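Structure first, then comments.
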Amino acid sequence: MPAIAGIGTLEQAGSREIAFLANPQYASQLATTKAGAVILSPRAAEQFGVDAAPGFARVVCAHPYLLYARIAQWFAERLTPEASTLVHPSAVVAESATLAQGVVVGPQAVVGEGVKLARGVRVGAGCVIGDHCEIGPDTLLHARVTLYHGVRIGARGVLHAGVVIGADGFGFAPDAMAAQRGVRGQWVKIPQLGGVRIGDDVEIGANTTIDRGALDDTVIGHGVKLDNQIMIGHNVQIGEHTAMAGCVGVAGSTRIGARCIIGGASMISGHLTLADDVVVSGGTVVAMNLDKPGQYTAIYPLLEHGEWQRNAAVVPQLSKLRRRVQALERSLAAASPATPSAAD
Amino acid sequence: MPAIAGIGTLEQAGSREIAFLANPQYASQLATTKAGAVILSPRAAEQFGVDAAPGFARVVCAHPYLLYARIAQWFAERLTPEASTLVHPSAVVAESATLAQGVVVGPQAVVGEGVKLARGVRVGAGCVIGDHCEIGPDTLLHARVTLYHGVRIGARGVLHAGVVIGADGFGFAPDAMAAQRGVRGQWVKIPQLGGVRIGDDVEIGANTTIDRGALDDTVIGHGVKLDNQIMIGHNVQIGEHTAMAGCVGVAGSTRIGARCIIGGASMISGHLTLADDVVVSGGTVVAMNLDKPGQYTAIYPLLEHGEWQRNAAVVPQLSKLRRRVQALERSLAAASPATPSAAD
Amino acid sequence: MPAIAGIGTLEQAGSREIAFLANPQYASQLATTKAGAVILSPRAAEQFGVDAAPGFARVVCAHPYLLYARIAQWFAERLTPEASTLVHPSAVVAESATLAQGVVVGPQAVVGEGVKLARGVRVGAGCVIGDHCEIGPDTLLHARVTLYHGVRIGARGVLHAGVVIGADGFGFAPDAMAAQRGVRGQWVKIPQLGGVRIGDDVEIGANTTIDRGALDDTVIGHGVKLDNQIMIGHNVQIGEHTAMAGCVGVAGSTRIGARCIIGGASMISGHLTLADDVVVSGGTVVAMNLDKPGQYTAIYPLLEHGEWQRNAAVVPQLSKLRRRVQALERSLAAASPATPSAAD
């Protein structure tokens, strides 16, 4: 058997690649895969059978998905080009900025006054780092990330293209005095004087935005993983290792616990508290505190359009429908007093 | 008592900071705050009592939240660094562009042909201003804002990083002639020849996009406030002082009135009309005209997942359930004709 | 009649402009339009009548909307300024990049190692093209588009500002070994080693993101049209000529067929399959396979807020309400066995 030169799926891997089986749904692909080696659990290895004499080497392991992640990291490191320069000549770096050893600043990037970049920080092409930001060791900013002034980010973070951190939170007071003069509806901006603090090992997906606090800081805990196009409002606090899928929105001042999992396109209202270990299903609107761990859901069931129309027409009459059932129960009880009622 | 040097929350402010009480929910913090001064309403001042002999100066005011906004603006101005240069040497500014007094163009920015920037306009690092745009006095573009050609913006606006204004609206005609040749599904692009006009005192949040019109313009009224990651389709019109929270989408040609408040992640279909003073709850899909002021809501109630499953299973049967209730009412009326019916 | 110098709406066009009537809703504007010419269908021309002696020339055509698209394209081309330079001096282009004839690279753009740009490719101001990307003939990248390394795009594409293609998919394995040491909730990043392949004639709206695959590629078919702020997860496959309105999210590994139409703000879960010619209504969460063509919907009906509260309160009791109706049916059947039941 040849040496392993890469990693692939069971379906696509060739004889010089290693594949993995983590999801039992794909077990049937073991019979046809052309992979040179396959990572699989002791149970899967047993089920597949010794007699099968597979064309691949079996790598039996208690946590196949985790081993796959580690091996993929090993290959990914080999794919990362060596940094050939430190600061690209087209970048604009303030004289008062401090760049530690091994820092790389890409073309067309801007690094503001008083910025501190720890060892190994990589700033991608076209990034804008506002004044007095601080970034911890080995954090990677891909192209075109924007940090407003005073943002602090920990070690080993990954920020993807289009991320914006530290823009003003959405704070406006109704102009009650203008209203007294007859000018209705005007808003007065509340300057956002707080900052953003982001822990270690945080990954932030493309075009995600995290606003700065109004007075105190917006705080993202260690190990938090945010997918693309997420919107985190001002003064939100997110606990350690919480993960959010794409398109989630969290309104201002909400506190989310540790180890939560928030499904894609969920929307969480402001000034709420979510406990540790809460799971929110994708597409769910959360408009109340969630004090206990567990999974919560609010999805309107999908139907063929005509069926949806017929059933959705009843929703605005549900309260009346319930009253009609109550009336029926009362009538029936009056008509035949011996009949037990199902209502409780 | 020392002079006031900053502003903070009741919870965090120290003896040299001023805090405020606008939300009665936080009244209990008056007993423990370390703030040097507190802004509060006459009623709150009265309830707190004269005998309490607080450690803070009371600033009694009819509109505490508004006064807080004004004081925060005062402090924010002091935090804004003086512009040290006009046009950064790394910026690319077309010779035909007109820059009035006090205009600042940041590093790596691009200003196109025929652009007119009024006095006091600040263009952040990495912005791209398309040809023939016009921006009114004292408008601030934070880093990495993109304006396509011909966008017009009023005075005192604030545009946050990642904003894109004037991209093509989503307009395609089915290619009926290709379909006749047997090629199904092809789309023909409809060039978007209109523009975008934005009034005075408009704030636009990070990564929000506003498309240009197909033939006429997309129009955003004076004083409109848009949060992050909002999507405004082509030919939308938004009335004065309307505010939208994050992640809202408005499809093409919809007209939204003045002083509306649109909650986060609401989605408004195309070709609709919303009256002045309409409030839409967060997470609501609006697919019909709203002709009267008032609050409108469409949120599926959140439940623990198992409970959600049990109840959601009934939704596709609501029409049948209503018919079953009707049948029961008819049966009961036939069985005991004297019984009054609750159905109306 | 003067020559036609432009195109406009029936409402706004003047005597030197051509307008069109595609939507019968606007037929009444024929009586008042000041347009010099109007494109309309044979039926509309007939209904409008010969006697009407309109002030405009009638352009009778089987597909008025399509003809409008073609004419608008003709005018749009005349509005596009000639490219005056090839590579702007402020752009940073790697020596190993290959630029074919007629390629234009805008100011402050970055083009990486080994990139191949075919003839007529235009790269807007501030774009970042990662190493080894390949872009087909006549594709247009507006300002500030980001392509990560190795992205392949076909011919005649249009990518709008803020687009990010090829960022890491959202892949993390729970760190089961850390958990055994008592550290709960940690995630291990799964490097995203796949790429992104985009077909010909694809348009991608402002701030839309398309992630690279984990091992295999993310694939967007020919003729696909994506609106603004769409999020396409890793390893998604989208069939030819499918169109998606703004704010749609598609989670990882989902396969969407050809000629589908996905309404705005719809959210499609991961690992699903949608057939060809599926239509999903705006605001719909899709959490199951859709095997047949047709329209599917899941929208909670909008109500005035008080009415919504009353009816939404019944949703968490629907399962119980159904049981009460069953109990009533049983009671009534027992009381009057001859009565036919409506339940089936």
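Protein chains in written order, with the working numbering: chain A, 1 to 344; chain B, 345 to 688; chain C, 689 to 1032.
Positions of the beta carbon are idealized from the N, C-alpha and C atoms, including for glycine.
All figures in this text were calculated on a predicted structure; none of them were measured in a lab.
State the start and end residues of the unbroken alpha helix (DSSP H) segment that holds residue 42 of chain A.
-> That run of the alpha helix (DSSP H) goes 42-48.
Using a Cβ-Cβ cut-off of 8 Å (strictly less than) and excluding sequence neighbours within five positions of residue 418 of chain A, which residues of its own chain qualify?
-> Within the shown structure, residues of chain A are numbered from 1 to 344, placing residue 418 of chain A beyond reach of any answer.
Express the C-alpha separation of residue 967 of chain C and residue 981 of chain C in angstroms, rounding to a whole number.
-> C-alpha separation (whole angstroms): 7 Å.
Relative to chain C, which residues along the region 21-53 of chain A have a C-beta separation below 8 Å, given in chain order?
-> Against chain C - using a Cβ distance shorter than 8 Å - the region 21-53 of chain A contributes no residues.
Rounded to whole angstroms, how far is the Cβ of residue 475 of chain B from the Cβ of residue 511 of chain B, which I believe are closer than 8 Å?
-> Not confirmed; about 15 Å, so no contact.
CA-CA distance, residue 348 of chain B and residue 363 of chain B?
-> Looking at the backbone, the Cα of residue 348 of chain B and that of residue 363 of chain B are separated by about 10 Å.
Taking only runs that begin and end inside the region 56-93 of chain A, name each unbroken beta strand (DSSP E) of 3 or more residues, in chain order.
-> Runs of the beta strand (DSSP E) inside the region 56-93 of chain A: 57-60.
So, do the region 629-643 of chain B and the region 980-996 of chain C have three or more beta carbon pairs nearer to each other than 8 Å?
-> The answer is yes - the region 980-996 of chain C touches the region 629-643 of chain B, with three or more Cβ pairs under 8 Å.
DSSP three-state assignment for residue 101 of chain A, whether helix, strand or coil = For residue 101 of chain A, the secondary structure class from DSSP, reduced to helix, strand or coil, is coil.
Could you run through the region 588-617 of chain B and flag, in chain order, every residue whose CB is less than 7 Å away from some CB of chain A?
-> If the cut-off is 7 Å between Cβ atoms, the region 588-617 of chain B has 589, 590, 591, 602, 603, 608 and 609 near chain A.
Any idea which residues DSSP pairs residue 227 of chain A with across the strands?
-> Its beta-bridge partners do not exist; DSSP assigns none.
When the Cα atoms are used, what is the spatial distance from residue 446 of chain B to residue 469 of chain B?
-> When rounded, the distance between both Cα atoms is 16 Å.
Excluding five sequence neighbours on each side, which residues of the same chain lie with their C-beta closer than 6 Å to the C-beta of residue 957 of chain C?
-> Result list for residue 957 of chain C: 939 and 975, in chain order.
Residue from C:852, C:931 and C:864 whose Cα sits closest to the Cα of residue 884 of chain C | That would be C:852, whose Cα lies nearest to the Cα of residue 884 of chain C.
Quick one: is residue 108 of chain A buried, meaning 16 or more other Cβ sit within 10 Å of its Cβ, or exposed?
-> Answer is buried; the Cβ neighbour count reaches 16.
In the region 835-884 of chain C, which residue ranges form an unbroken beta strand (DSSP E) of at least 3 residues, counting only runs that do not cross its ends?
-> If we require 3 residues or more, the beta strand (DSSP E) runs fully inside the region 835-884 of chain C come out as 852-855, 860-862 and 875-877.
Residues in its own chain within less than 8 Å of residue 113 of chain A by CB, not counting five upstream and five downstream?
-> Excluding residues within five positions, the ones whose Cβ falls inside 8 Å are 94, 96, 97, 131 and 132.
Roughly how far, in whole angstroms, is the beta-carbon of residue 235 of chain A from the beta-carbon of residue 169 of chain A, given that I think they are within contact range, below 8 Å?
-> For a cut-off of 8 Å, the C-beta gap from residue 235 of chain A to residue 169 of chain A is around 7 Å, short enough to register as a contact.
Does DSSP classify residue 215 of chain A as helix, strand or coil?
-> Of the three classes helix, strand and coil, the one that applies to residue 215 of chain A here is coil, per DSSP.
Kindly say whether residue 695 of chain C, judged by its beta-carbon, lies nearer than 8 Å to any beta-carbon of chain A.
-> Closer than 8 Å: no.
Is residue 152 of chain A near residue 198 of chain A, with beta carbons less than 8 Å apart?
-> In this structure, residue 152 of chain A sits near residue 198 of chain A, with a CB-CB distance shorter than 8 Å.
On the three-state DSSP scale, how would you describe residue 12 of chain A?
-> DSSP, read as helix, strand or coil, puts residue 12 of chain A in coil.
Grab the span of the beta strand (DSSP E) containing residue 639 of chain B for me, first residue to last.
-> Judged by DSSP secondary structure, residue 639 of chain B falls within the beta strand (DSSP E) whose first and last residues are 638-641.
Closer than 7 Å, Cβ to Cβ, to anything on chain B: give me those residues from the region 101-130 of chain A, in chain order.
-> The residues in question are 108, 110, 126 and 128.
Roughly how far, in whole angstroms, is the beta-carbon of residue 552 of chain B from the beta-carbon of residue 570 of chain B, given that I think they are within contact range, below 8 Å?
-> Indeed, because the Cβ distance is near 5 Å, the residues count as touching under 8 Å.
Contact set for residue 391 of chain B: own chain, Cβ-Cβ below 7 Å, skip 5 residues either direction | Correct list: empty, nothing qualifies.
The alpha helix (DSSP H) spanning residue 1017 of chain C covers which residue range?
-> Taken as a continuous stretch (DSSP letters only), the alpha helix (DSSP H) holding residue 1017 of chain C covers 1006-1023.
How would you write the range of the alpha helix (DSSP H) that residue 1000 of chain C sits in, first residue to last?
-> 993-1000 is the extent of the alpha helix (DSSP H) around residue 1000 of chain C.
Contact under 8 Å by Cβ, residue 916 of chain C with residue 521 of chain B | No, the pair does not count as a contact, with Cβ atoms beyond the cut-off.
Taking 8 Å as the CB-CB cut-off, is residue 659 of chain B touching chain A?
-> Yes, because at least one Cβ of chain A sits closer than 8 Å to the Cβ of residue 659 of chain B.
Whose C-beta lies closer than 7 Å to the C-beta of residue 315 of chain A among residues of the same chain, with five residues either side of it excluded?
-> Close CB contacts of residue 315 of chain A within its chain, under the 7 Å cut and outside five residues either way in sequence, are absent.
Does the beta carbon of residue 492 of chain B come closer than 8 Å to any beta carbon on chain A?
-> So no, residue 492 of chain B is outside the interface.
Could you spell out the range, first to last residue, of the beta strand (DSSP E) harbouring residue 928 of chain C?
-> Boundaries cannot be given for residue 928 of chain C, as no beta strand (DSSP E) includes it and DSSP labels it neither H nor E.
Quick one: Cα of residue 728 of chain C to Cα of residue 534 of chain B, how far?
-> Between the alpha carbons of residue 728 of chain C and residue 534 of chain B lies a gap of roughly 17 Å.
Residues of chain B with a CB under 9 Å from the CB of residue 220 of chain A: which are they?
-> Within chain B, no residue comes near residue 220 of chain A; the closest Cβ sits about 16 Å away, beyond 9 Å.
Burial state of residue 23 of chain A (16 or more Cβ within 10 Å) = By the 10 Å Cβ count, residue 23 of chain A comes out exposed.
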